[in-house]
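Trainee: The structure follows.
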């Protein structure tokens, strides 16, 4: 059997994950300094107020998670109770299980999962009938509990009509129509006087007869899983696992031990009773995660995304064909959770040679999930909205903080699940986990609101709102860092990214719609001269406002970064801005002269003009770890930056080529179309661009997740998170629609009056200041 291949310990580059700097902040503008002091005080207040209580709560959660055991199952306990003692056919090997049965009968005579207010009665009645018949069978096996047996039989008699009501497959225990008749036949064979008319007995046996043809033509594994009802032990024992169990099912394993007293099966049952005491769970002791489709897919995804070298071939290769699902127990059950995990795992590709396996899994799992949605056959324990969301939003378009919110909203501390018996899937410390997550999420809102107010004050301080051509959108520009650099301690990095996002929007608008050639060339010269800008002078007040905003903000950031990096990084910030405005100037010249560049020329300018240099690379100096000069200039660092830029530029071009064609602008899609032979298809060109985006995304993720990296892990995460941001911004027709949708998903119920957004939506109609109605709070 294949096994996971990974290095054992977490990658060394992942150490120091939550090291954040405390920065001395000299020389800030008055408004900026006040905001910084306020933000720091806010963080200190929050830390003092929540840390001791939070640490205690986290400790309790860890203890409960380590101690958590699955809930008992009456059905499985009954089968455990029927296993005979060694050398004796007249006593149970597990008398404590017999005692548990007699202690846990309900007042109506039944056994099974106790219903609660809000539970679906149809989900529990057949479980109660199956569990009750199993418990009656166990007590009659040892000739004890006559009163309990009588009450149990009366319950079955009173609810007989529910046995033969076919109903939804999801509303009855797995294999009910085979296992219940099998237990009934066993009771009759033991001489139990069942409160059933002969016609009723015949009707129950007909349930099994109807199932047998489809079972015979179906999965062998599923038939083996129902062995306590079918008695097909030669076939079933082929599926015995290393721990001695059959499918980690106590009931099936106990039935096997009753049939042949298999040593491995008995040892598994002994270990089970030693662990759980007097009862047995519905599923236990799965030490072979490769045998479980859901666990295997989840493990692959989580291990790989945390930097472990996990082979897709060794772990997921066994599921590359759709038949692997249909031949499995999960396939016979229509297990949505297994399909969902496989679909998510298929997207975590970091090598080109993985394409065939992962793409195949992604294709057939998506098809089956869509079929389940259309036919309303999503498993009861899965919200159909979760399936719909996963199909529409690949993991490379999802932002961590929004995912946290979705997880909190959809988190279920308890949920009824049905295998051979119903059980309430209780998450150990579930209530505490939900409370901790919600408290952490809501605590960040106050910090974010304070930061947003700081941004608005900073905009006014720098007179940016006076630029009539510019889109000034603090909230939109704050969204990406708030959704990715979300820990409250990442205040400085968040603010740096937000400010540079606002500034980049202003500069983009100057080159796109607001500036004359003289103003554009003047700004380029000013940025190139940097500290010597006085030698150049300002050709207009607008250029002066823009340049001083860039210059002052960059110097403030460099002063903060110096405390973290222990060196002056202003030369790098100036270089980033110079590269950006030069590229924008080149694009403006092409538009003004009608020059058609080669594709290589276009990308050489198009990547830096997209603007992620000042936005992302500048903020990395404040993320936490030191970034030595040799790392910043390394091939690996710059390759990550390049692949992130390629994704952003090409995604933008895919959505804007029609508008830019009308405006006479250059665009990668239009350039490639021009290179096509006459009659070339725009759809073929778009497919080619999408392939290029996919290739860069895969290469970026490979670089981010590689073990031996000189770029610190938190910084690599920023590259990947911003790549996800640009995918999210361009998931629909244009960045405006996507940004508005993201803001709605971030604050449902709040009406956002967003008049414009950046996203390189060129040639819009501008107002001086976008009005944003925040409602009750920023839930980012």
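Numbering (the UniProt record's numbering), first residue to last: 1 to 780.
We put the CB at the ideal spot given by N, CA and C, even for glycine.
Predicted model, so just to flag it, every value in this text is computed and none were measured.
1. How far does the beta strand (DSSP E) with residue 423 in it reach, from first residue to last?
2. Spatial neighbours of residue 397 within its chain, please: CB distance less than 7 Å, with the 5 preceding and 5 following residues excluded, ordered by chain position.
3. In the DSSP assignment, what are the bridge partners of residue 281?
4. To the nearest whole angstrom, what separates the beta carbons of residue 154 and residue 121, a pair I think is in contact under 8 Å?
5. Determine the extent of the alpha helix (DSSP H) in which residue 655 is found, giving its start and end residues.
6. What would DSSP say about residue 399, mapped onto helix, strand or coil?
7. Rounded to whole angstroms, what is the Cα-Cα separation between residue 375 and residue 335?
8. Enumerate, from N- to C-terminal direction, the unbroken alpha helix (DSSP H) stretches of 4 or more residues contained entirely within the region 514-595.
9. On the criterion of 16 or more Cβ atoms from any shown chain inside 10 Å, does residue 442 qualify as buried, or is it exposed?
10. What do you get for residue 39, buried or exposed, if any count of 16 or more other CB atoms within 10 angstroms of its CB means buried?
11. Between residue 221 and residue 88, is the Cβ-Cβ spacing less than 8 Å?
12. Between which two residues does the alpha helix (DSSP H) containing residue 330 stretch?
13. Decide yes or no for the touch test of the region 249-264 against the region 358-376: beta carbon pairs closer than 8 Å, at least 3 of them.
14. Checking the sheet assignment: what are the DSSP bridge partners for residue 246?
15. For residue 619, which of 570, 697, 313, 365 has the nearest alpha-carbon?
16. In whole angstroms, what separates the C-alpha of residue 699 from that of residue 119?
17. So for residue 219, helix, strand or coil by DSSP?
18. To test your reading of the DSSP string, which unbroken alpha helix (DSSP H) runs of 4 or more residues are found completely within the UniProt domain "Terpene synthase N-terminal" (287-391)?
19. Does the distance from the CB of residue 559 to the CB of residue 505 come in under 8 Å?
20. Any contact between the region 74-85 and the region 133-142? By contact I mean 3 or more CB pairs, one from each, below 8 Å.
21. On the criterion of 16 or more Cβ atoms from any shown chain inside 10 Å, does residue 308 qualify as buried, or is it exposed?
22. Tell me whether the beta-carbon of residue 810 lies closer than 8 Å to the beta-carbon of residue 264.
23. Is the separation between the beta-carbon of residue 343 and that of residue 369 shorter than 8 Å?
24. Can you find a C-beta in chain D that's less than 8 Å from the C-beta of residue 72?
25. Does residue 232 come out as helix, strand or coil in the three-state DSSP assignment?
26. How about the region 524-541 and the region 639-650: do they share at least three Cβ pairs that are nearer than 8 Å?
27. Determine the contact status of residue 672 and residue 646, defining contact as a CB-CB distance below 8 Å.
28. With 16 other CB atoms within 10 Å as the buried threshold, where does residue 238 fall?
29. Along the beta strand (DSSP E) that carries residue 698, what are the first and last residues, could you check?
30. Using the rule of at least 16 other Cβ atoms within 10 Å of the residue's Cβ for burial, across every protein chain shown, is residue 635 buried or exposed?
31. Should residue 382 go down as buried or exposed, given a rule of 16 or more other Cβ atoms within 10 Å for buried?
32. Check the C-beta distance from residue 543 over to residue 623 and give it rounded, since I have them as a contact under 8 Å.
33. Give the straight-line distance between the Cα atoms of residue 164 and residue 365, rounded to the nearest whole angstrom.
34. Return the residue from the list 477, 438, 435 that minimises the CA-CA distance to residue 453.
35. How far does the beta strand (DSSP E) with residue 418 in it extend, from its first residue to its last?
36. Would the region 596-612 and the region 656-663 be scored as touching if the rule is three or more Cβ pairs under 8 Å?
Mentor: On the basis of the data shown:
1. 422-424
2. 724, 727, 728, 731
3. Partner(s): 72.
4. Wrong, their Cβ atoms sit about 19 Å apart, outside the cutoff.
5. Annotation for residue 655: the continuous alpha helix (DSSP H) segment containing it runs 635-662.
6. coil
7. Approximately 14 Å between the Cα atoms of the pair.
8. 517-529, 541-565, 570-593
9. exposed
10. Bear in mind that a pLDDT of 43 at residue 39, under 50, signals an unreliable position, so the model cannot answer this.
11. no
12. Counted as a single uninterrupted DSSP element, the alpha helix (DSSP H) harbouring residue 330 occupies residues 329-333.
13. no
14. Paired residue(s): 240.
15. Closest option to residue 619, Cα to Cα, is 570.
16. 48 Å
17. coil
18. Runs of the alpha helix (DSSP H) inside the UniProt domain "Terpene synthase N-terminal" (287-391): 293-305, 312-316, 322-326, 329-333, 336-345, 355-374.
19. no
20. yes
21. buried
22. As displayed, the chain neither begins before 1 nor continues past 780, which places residue 810 out of reach and without an answer.
23. yes
24. Looking at the structure shown, chain D is missing, and only one protein chain is on hand.
25. In this structure, residue 232 counts as coil in the three-state DSSP scheme.
26. no
27. no
28. Exposed, since its Cβ has fewer than 16 Cβ neighbours within 10 Å.
29. Careful: residue 698 lies outside any beta strand (DSSP E), inside the alpha helix (DSSP H) at 682-705.
30. exposed
31. buried
32. Actually they do not touch by this definition, with Cβ atoms about 32 Å apart.
33. 33 Å
34. 477 is the residue among 477, 438, 435 whose C-alpha sits nearest the C-alpha of residue 453.
35. Looking at the DSSP string, the run of the beta strand (DSSP E) that includes residue 418 is 416-418.
36. no
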